[in-house]
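**Q**
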């Protein structure tokens, strides 16, 4: 029994010493990597960035520290205004987006007021490859960035510049866009469920933005000007099995329960769009094309439908009190 106890104590002591040694090695590696980040050589800085990634992978409990260091590095070395992201900034961003967010220990990734114009991740459009959920991008410049397929759920994009950025297929559920610049931004196929794009004040310029195929369920567009945005577009469906020619189709944003009160939608093409349950109170839909659109249970109180095309429009259960421009057959 005494021999067994002695052996257990020896193993326990050895394990403790090994753990202390490993922690010491991690600390030494971390200090060396931090030192490399301050080098005047970009090659040395890149080495430091990838060394931090290895530490993050080897020691999940140190991930929050590594994320904090790298995000601070990006904020410091890519402040607005600068040139397009240098190799070290791009490398730091790639490390950040491919981390495992569940090991962040509640840390918020802060990339506010950074210049990431034209940034392209190492693996764009790859599902699960761009982790930016909950990231703070307040005041950041992401114009021309390629963020297709990225997870930006709950991201704070207030006052961010996303002009001409590609967000096709991105997850933007619950994202916040107040006062963001969204001119010519591509949201095709993106998920903006419960996102807040506009709420009476601070409405972005949406000129040229495309929402075709995007899911805008319950998204906030209160007071938004969508007259020059694309909500539906014609597409060609690829043939199946090579036996048919490509067929023309139509892709519209899903607008179920969307908040569009006081929105400007005059002359907007919404043919065949799903607007069921949408809040369109006081919205301007004059001359809008609502052919075969689903407006069942939508609230059109005091909406302007003057000269709107309502052929085949579904209005069952819709609230039409005070709506202007309705033909007698629909009143």
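In the numbering used here, the protein residues as written are 119 to 449. Just so it is clear, CB atoms sit at the ideal spot from N, CA and C, and this is done for glycine as well.
(1) Can you list, in chain order, the residues of its chain with a C-beta nearer than 8 Å to that of residue 399? Leave out the 5 residues immediately preceding and following it.
(2) Which partner residues does residue 367 have in the DSSP bridge list?
(3) Can you round the beta-carbon distance between residue 270 and residue 251 to whole angstroms, since I take them to be within the 8 Å contact cut?
(4) May I ask whether a heavy atom of the ligand NAP can be found less than 8 Å away from the beta carbon of residue 434?
(5) List the residues that DSSP assigns as beta-bridge partners of residue 348.
(6) Within a Cβ cutoff of 8 Å, which residues of the same chain sit near residue 426, ignoring the five residues on either side of it in sequence?
(7) Taking residue 383 as the reference, give the member of 226, 344, 352 with the closest Cα.
(8) With 16 as the cutoff for other CB atoms within 10 Å, does residue 160 come out buried or exposed?
(9) Alpha carbon to alpha carbon, how far is residue 364 from residue 353?
(10) As an exercise, report each continuous alpha helix (DSSP H) stretch of at least 4 residues that is fully enclosed by the stretch 275-307, in chain order.
(11) If I measure Cβ to Cβ from residue 239 and keep anything under 8 Å in the same chain, skipping five residues before and after, which residues do I get?
(12) Pick from 387, 389, 143, 435: whose alpha carbon is nearest that of residue 503?
(13) Which value, in whole angstroms, describes the spacing of the CA atoms of residue 437 and residue 376?
(14) Going straight from the alpha carbon of residue 196 to that of residue 232, what length do you get?
(15) Report all residues from its chain with a CB closer than 7 Å to the CB of residue 373; omit the five preceding and five following residues, and keep chain order.
(16) Comparing C-alpha positions only, which one of 282, 423, 308, 412 sits nearest to residue 243?
(17) Going by DSSP, what residue range makes up the beta strand (DSSP E) through residue 315?
(18) Mapping the DSSP letters down to three states, classify residue 123 as helix, strand or coil.
(19) From the DSSP output, in three-state form, read off residue 419 for me.
(20) Identify which residue in 179, 182, 178, 187 has its Cα closest to the Cα of residue 151.
(21) Taking residue 165 as part of the alpha helix (DSSP H), name the residues at either end of that continuous run.
(22) Report yes if the CB atom of residue 234 is closer than 9 Å to the CB atom of residue 189, and no otherwise.
(23) Can the beta-carbon of residue 283 be found closer than 9 Å to that of residue 254?
(24) Taking only runs of the alpha helix (DSSP H) that begin and end inside the stretch 186-239, which ones reach a length of at least 4 residues, in chain order?
(25) Over what stretch of residues does the beta strand (DSSP E) that includes residue 386 continue unbroken?
**A** Taking the coordinates as given:
(1) The sequence position of residue 399 within the chain shown is 281, counting from 1. Around residue 399: 379, 380, 417, 418, 419, 420, 421.
(2) Looking up residue 367 in the chain shown gives position 249. Per DSSP, 353.
(3) Within the chain shown, numbered from 1, the residue matching residue 270 stands at position 152. Within the chain shown, numbered from 1, the residue matching residue 251 stands at position 133. That pair is a contact at about 7 Å.
(4) Here there are no bound small molecules, and the ligand NAP is not part of this structure.
(5) Here residue 348 refers to the residue found at position 230 when the chain shown is read from its first residue. Under DSSP, residue 348 takes part in a beta bridge, and its partners are 328.
(6) Against the chain shown, residue 426 aligns to sequence position 308. For residue 426, where only same-chain residues beyond five positions count, the Cβ hits under 8 Å are 403, 404, 405, 406, 407, 408, 443.
(7) Here residue 383 is taken as the residue at index 265 of the chain shown, counted from 1. Comparing Cα positions, the closest option is 344.
(8) Against the chain shown, residue 160 aligns to sequence position 42. Exposed.
(9) Taking the first residue of the chain shown as 1, we reach residue 364 at position 246. Taking the first residue of the chain shown as 1, we reach residue 353 at position 235. Low confidence applies here, because residue 364 scores a pLDDT of 49, under 50, leaving its location unreliable and the question unanswered by this model.
(10) Counting whole runs of 4 or more residues, the stretch 275-307 contains no alpha helix (DSSP H) stretch at all.
(11) As a first step, residue 239 is located in the chain shown; it is residue number 121 there, counting from the start. In the same chain as residue 239, and ignoring 5 residues on each side of it, the C-beta atoms closer than 8 Å to its own belong to 211, 212, 215, 247, 248, 264, 265, 268, in chain order.
(12) What the structure shows of the chain is the stretch from 119 to 449, and residue 503 is not part of that stretch, so it cannot be assessed.
(13) The residue given as residue 437 occupies position 319 in the chain shown. The residue given as residue 376 occupies position 258 in the chain shown. Rounded to whole angstroms, residue 437 to residue 376 spans 15 Å at the Cα level.
(14) By one-based count along the chain shown, residue 196 stands at place 78. By one-based count along the chain shown, residue 232 stands at place 114. The straight-line gap from Cα to Cα measures roughly 5 Å.
(15) Walking along the chain shown from the start, residue 373 turns up at place 255. Taken in chain order, the residues that qualify are 334, 391, 392, 393, 396.
(16) Your numbering for residue 243 matches position 125 in the chain shown. When only C-alpha atoms are compared, the closest one is 308.
(17) In the chain shown, residue 315 corresponds to position 197, counting from 1. Where residue 315 is concerned, the enclosing beta strand (DSSP E) stretches over 314-317.
(18) Position 5 of the chain shown, counted from the first residue, corresponds to residue 123. In this prediction, residue 123 has a pLDDT of 44, which is less than 50 and means its spatial position is unreliable; nothing more can be read from the coordinates.
(19) Along the chain shown, one-based indexing puts residue 419 at 301. The answer is coil: DSSP assigns residue 419 none of H, G, I, E or B.
(20) Here residue 151 is taken as the residue at index 33 of the chain shown, counted from 1. Closest option to residue 151, Cα to Cα, is 187.
(21) Position 47 of the chain shown, counted from the first residue, corresponds to residue 165. Segment 160-176, the alpha helix (DSSP H) holding residue 165.
(22) In the chain shown, the residue the question calls residue 234 occupies position 116. In the chain shown, the residue the question calls residue 189 occupies position 71. In this structure, residue 189 does not lie closer than 9 Å to residue 234 by Cβ.
(23) Start at 1 with the first residue of the chain shown, and residue 283 comes out as number 165. Start at 1 with the first residue of the chain shown, and residue 254 comes out as number 136. Taking a C-beta distance under 9 Å as the contact criterion, residue 283 and residue 254 do not qualify as a contact pair.
(24) Runs found: 205-215.
(25) Walking along the chain shown from the start, residue 386 turns up at place 268. Here residue 386 belongs to no beta strand (DSSP E), and DSSP marks it neither H nor E.
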